[in-house]
Each structure stands twice: as structure tokens, then as C-alpha cells.
Amino acid sequence: MKRILLLALSFGCSSGYSADGVLELNQACASVGCFPGDVAGLPIEITYSGSYRLTSNLSAPSTDGIRISANAVELDLGGFTISGPVSCSGSPLVCVPASYGPGGIVVTPTTAGVVVRNGQIQGFGGGIFSGQSGLIESVTSQSNAEKGIVARSG
């Protein structure tokens with residue numbers, strides 16, 4: 012009797028669709044592109060409508076963390092933190108570098124219907140720059156040099 016052994020191997024990072032159809036993003040897949048439309052490296056670029064979930068902390072030492080240029084995007088940060096290069100401390104609060112820099116999550120100004128929830132943004136020039144309309148809930152924005160959350164109006 013012959014026995015056949017089937018092996019499934021996965022190389023690279025854990026990215027792609029989760030069991031519930033949500034696209035996953037994390038530090039590992041950022042280096043190769045997390046899904047179609049996202050090129051290798053940071054920022055992670057969301058260019059298609061849909062649901063996305065952060066599955067690890069994300070460190071963006073010199074650029075935006077995530078850029079969204081599609082309408083109707085739901086981004087669940089999964090309780091994780093997106094952190095940048097800015098460090099703030101003291102009283103009064105002093106941030107280094109103090110100049111305006113990259114953002115944790117940057118939504119194209121003309122984009123609408125973006126939902127960001129459930130996580131932390133810290134250490135950027137600005138935490139979140141929203142599009143024309145959307146929802147930001149259960150998100151902590153702290154230790155950002157200039158602005159925590161910028162809500163644009165259409």
C-alpha cells in the first residue's frame with residue numbers, strides 16, 4: 012500500500028485574506044506588499060474598498076504607516092499600535108523631532124466612508140488624517156508632534 016504525504020508550506024509572511032474574508036496587514040507583509048495594489052515597503056497602501064485588519068504592531072520609522080485612497084474602507088486596528096519616529100515627554104510636553112512629519116494613518120482628502128477603529132497611533136507628526144466622511148472609534152492617538160486626529164470636511 013502506497014502512502015502519500017501532502018505538505019503545505021508557506022513562505023514569507025502571514026498576509027492575505029483571513030477566514031472571514033478580511034484582508035490582513037502586518038509588519039511582516041509590509042516588506043513584500045500585503046495584498047494587490049500595495050507595493051513592498053511602507054506605507055501600506057489601501058487602494059480598494061473592503062475590510063482590513065491589522066494583525067501585529069506596525070512600526071514606521073520614517074514614513075506614513077498606512078495610506079488609504081479608496082472609498083468605503085473599514086480598517087480594524089485589532090488593538091495593535093502603529094508607531095512612528097516621534098518621541099514626546101516632559102511637562103510642558105516636548106516632542107522630538109518637533110517638525111511636522113509623517114502620519115500614522117493618512118486618508119486621501121477626497122475619500123469618503125472610511126472607518127478606523129480599535130487601536131493606537133503614536134509617535135507621528137499627526138496621528139490620523141481623515142477623508143471627507145467616515146468614523147473613527149476606539150482609537151487612541153498620543154505622543155504625536157502636531158495633531159492627534161485631523162477630521163476634514165468635504
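So the number in my numbering is just where the residue sits in the sequence shown, counting from 1, plus 11.
We treat Cβ as the ideally placed atom computed from N, Cα and C, and that holds for glycine.
Small disclaimer: the values here were computed from a predicted structure and weren't measured.
Whole-number beta carbon distance between residue j and residue i, since they are thought to touch under 8 Å
i    : j   : result
T122 : I79 : 6 Å
A41  : G48 : Contact flag wrong, Cβ pair sits at about 14 Å.
S100 : N68 : About 20 Å; that fails the 8 Å criterion.
Pair within 7 Å by beta-carbon distance, residue i and residue j
i    : j    : result
E35  : S62  : no
T66  : A81  : no
T74  : P113 : yes
V118 : V125 : yes
T92  : Q131 : yes
S141 : A156 : no
G134 : V105 : no
A179 : S102 : No information on residue 179 is available, as it lies outside the stretch 12 to 165 that the chain covers here.
V11  : R64  : This structure cannot speak to residue 11, because the chain is shown only from 12 to 165.
Closest residue to residue i among the options (Cα-Cα distance)
i    : options               : result
Q153 : V127, G32, V118, G137 : G137
G115 : Q131, S98, A162, G76  : G76
V150 : A51, L53, P47, D87    : D87
6 Å Cβ shell around residue i - same chain, five flanking residues per side excluded
i    : result
G159 : G138, S152
L146 : V126
Neighbourhood of residue i by C-beta, 7 Å cutoff - its chain only, sequence neighbours within 5 removed
i   : result
P54 : A71, T74, D75, G76, I77, R78
I15 : Interpretation of I15 is limited by its pLDDT of 33, a score under 50 that renders its predicted location unreliable; no figure is taken from the coordinates.
Beta-carbon contacts of residue i that lie in its chain and below 8 Å, excluding the five residues immediately before and after
i    : result
N129 : D87, L88, G89, G90, E148, S149, V150
V166 : Lying outside 12 to 165, the shown extent of the chain, residue 166 is not represented and no answer is given.
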